[in-house]
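Participant: What follows is a single structure, and I will ask about it in a moment.
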Amino acid sequence: MSRSEWPLLAAVFLEMTGFGMAFPDIQLRAEVFGAPGQIIGAVLASYFVVQLLVSPAWGRLSDRVGRKPVLLVCTALSAGSMVIYALAHTVETILLSRLVAGLAAANVVAAQAYIADVNRGVQLERSMGRMSAAMLAGLVAGPAIGGFLATVGGNQLMGFAAAGCSLASWVWILFGVRSVPVVATATSEAPRLRRRSWALLQDTPGLMRFVAIAVAGWFVLACLEGTYGRLIKHNLGMGQFEFGLIFSYESLLGAGVGWTLGWLATRLGSSWMLKGGYLLQAIGLLAMPFAPGFGVLLLASTFYAFGIGVTNPTINSVCSKMTSNERQGELFGVLQAARSVGFVAGPILGGALFDVLPGLPYYVAAGVAAIAALMVVAPQEETAPESAPG
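FYI, the numbering for the sequence shown is 44 to 433, going by the numbering used here.
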């Protein structure tokens, strides 16, 4: 990994820490304001709906103007969303903060495209893995810090601290992240900016399959996250403390796997990593509803966390290699939109299935993960043709 990437990883860590500080608090705070369950679900889903709508456009814009300007604008918007959240006294204001946060979520798109700009081959898997590790580390640190601050100083202190994390990330990007040359020229890219958002899938043979796999993977994760707290309470009588322990364990394990992804890529190759990763997820998901106690539940979570730690960054690097250099931002915008599809559908279907039978969301999610493994075909290892020097 080049030295220029370390400031970006630090910025991503800070941004995800701020995100993680607020996200667990949103549903609890909305409930205090008197919102029913359906409204709370809509508030949470609004973030991903906005992502779905705007991420491809942000990605294409970053192809045209560069990654750093988009990173700076989106991170500033993220800080603003947390200020709105800190000052919120109504559910409507919380909703506004989530809409702005969804608009700002393309900072992840630009960061991933930046990594793709400066890496190729096995180094791309290694760098994508470390990007994933930085994100997961932030998601571990955020809830712990946010919970402490909310306890000692209330929601306002926690919200302003989350905004401070985004502001610190903005400073890191401004002074620490060097700009990379824009591959797409204004002339060549202008027509593409007027295309519909998903044109890249038609233009790149084989890409649709891997984007569909990505949607399946995100659906599985969202289905799990949307019902896991209810499952362990229903089956084992566990509460927030145990949920926090397992969530932190899974995130740290996923981060550790991501940090070693380059080593795995040189020995297994991306195709086997994806197949194995999704099968490990399926095994873990099938075991969770049958866990008789905390130890077995932790073992099942180990299978799942290891699998997702492999598949998420690997699917990003595979899709990146299939896409030409001047459309990397567009690609990661599409992948971010795919993530949003999974995170909108997963909690809705998972919640409905849980009401029928608590283990049913996990059986369905395991089946989807197994189908994702079967969908994997050996991707082309060579990079897509470069239409301009980068």
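Even glycine gets a Cβ: it sits at the ideal position worked out from N, Cα and C. Predicted model only: the values in this text are computed from it and were never measured.
Taking only the alpha-carbon atoms, compute the straight-line gap between Arg173 and Asn359 and give it to the nearest angstrom.
Facilitator: Rounded to whole angstroms, Arg173 to Asn359 spans 12 Å at the Cα level.
Participant: Can you tell me which of the three DSSP states Val339 falls into?
Facilitator: Helix.
Participant: Quick one, which of Leu243, Ala144, Leu139 and Ala177 has its alpha-carbon nearest Ala206's?
Facilitator: Cα-wise, what sits closest to Ala206 is Ala144.
Participant: With respect to the alpha helix (DSSP H) encompassing Asn368, which residues constitute its N-terminal and C-terminal limits?
Facilitator: Where Asn368 is concerned, there is no enclosing alpha helix (DSSP H), given that its DSSP letter is neither H nor E.
Participant: Kindly indicate which three-state DSSP category Arg103 falls into: helix, strand or coil?
Facilitator: The answer is helix: DSSP assigns Arg103 an H, G or I state.
Participant: For Thr133, which three-state DSSP category applies?
Facilitator: The answer is coil: DSSP assigns Thr133 none of H, G, I, E or B.
Participant: Leu182 to Leu243, Cα distance in whole Å?
Facilitator: Taking the straight line joining both Cα atoms gives about 30 Å.
Participant: For Met418, name the three-state secondary structure that DSSP assigns.
Facilitator: Three-state DSSP puts Met418 in a helix.
Participant: Between the C-alpha atoms of Val420 and Leu378, what's the straight-line distance to the nearest angstrom?
Facilitator: Each residue's alpha carbon lies about 19 Å from the other.
Participant: Report the residue ranges of all alpha helix (DSSP H) runs contained in full by the region 258-317; include only those spanning at least 4 residues, in chain order.
Facilitator: List check, alpha helix (DSSP H) in window: 271-279, 283-302 and 304-311.
Participant: Figure out for me which residue from Tyr406, Ala308, Glu369 and Glu293 has the closest Cα to the Cα of Asp106.
Facilitator: Per the Cα distances, Glu369.
Participant: Exposed or buried, what is Met251 when buried is set at 16 or more other beta-carbons lying within 10 Å of its beta-carbon?
Facilitator: Exposed, by the Cβ-count rule.
Participant: Assign Asn359 to one of three DSSP states: helix, strand, or coil.
Facilitator: Correct three-state label for Asn359: helix.
Participant: Under 6 Å Cβ to Cβ from Glu48, same chain only, skipping five residues before and after it: list those, please.
Facilitator: Excluding sequence neighbours, Glu48 sits near nothing in its chain.
Participant: Flag this pair as yes or no: are the beta carbons of Tyr347 and Leu328 separated by less than 8 Å?
Facilitator: The answer is yes: Cβ separation under 8 Å.
Participant: Nearest to Leu304 by CA position, among Ser89, Met171, Arg72 and Leu57, is which residue?
Facilitator: Cα-wise, what sits closest to Leu304 is Met171.
Participant: As an exercise, report each continuous alpha helix (DSSP H) stretch of at least 4 residues that is fully enclosed by the region 152-232, in chain order.
Facilitator: The qualifying runs are 165-219.
Participant: Do you know offhand how far Gly410's Cα is from Ala325's?
Facilitator: Their Cα atoms are separated by approximately 7 Å.
Participant: Quick check: the region 331-342 against the region 274-286, are at least 3 beta-carbon pairs closer than 8 Å?
Facilitator: With a cut-off of 8 Å, the region 331-342 and the region 274-286 count as touching, because enough Cβ pairs lie within range.
Participant: Quick check on the burial criterion: 16 or more other C-beta atoms within 10 angstroms. Buried or exposed for Pro248?
Facilitator: Exposed, by the Cβ-count rule.
Participant: Let me know the secondary structure DSSP gives Ala77 once reduced to three states.
Facilitator: Sequence check: residue 77 is Gly here, not Ala. Reduced to three states, the DSSP call for Gly77 is coil.
Participant: Pick from Met178, Pro99 and Phe76: whose alpha carbon is nearest that of Val134?
Facilitator: If we check each option's Cα against that of Val134, Phe76 comes out closest.
Participant: How far does the alpha helix (DSSP H) with Ala242 in it reach, from first residue to last?
Facilitator: Note, Ala242: alpha helix (DSSP H), Ala242 to Asp246.
Participant: By Cβ distance, which residues of its chain are closer than 8 Å to Gln199, with the 5 residues on each side in sequence left out?
Facilitator: Only Ala129 and Leu130 meet the Cβ criterion.
Participant: Let me know the secondary structure DSSP gives Leu139 once reduced to three states.
Facilitator: Leu139 falls in the helix class under three-state DSSP.
Participant: Is the region 60-72 in contact with the region 182-196, if contact means three or more CB pairs nearer than 8 Å?
Facilitator: Counting Cβ pairs under 8 Å, three or more are found: they touch.
Participant: With DSSP as the reference, label Pro404 as helix, strand or coil.
Facilitator: Helix, per DSSP.
Participant: Determine the direct distance from the alpha carbon of Val113 to that of Ala156, and round the result to whole angstroms.
Facilitator: Rounded to the nearest angstrom, the two C-alpha atoms are 11 Å apart.
Participant: Kindly indicate which three-state DSSP category Ala395 falls into: helix, strand or coil?
Facilitator: DSSP places Ala395 in helix when its eight states are reduced to three.
Participant: Based on Cα-Cα distance, which residue from Ala53, Leu95 and Phe56 lies nearest to Ala438?
Facilitator: For the chain, the structure presents residues 44 to 433; residue 438 sits outside this window and is missing.
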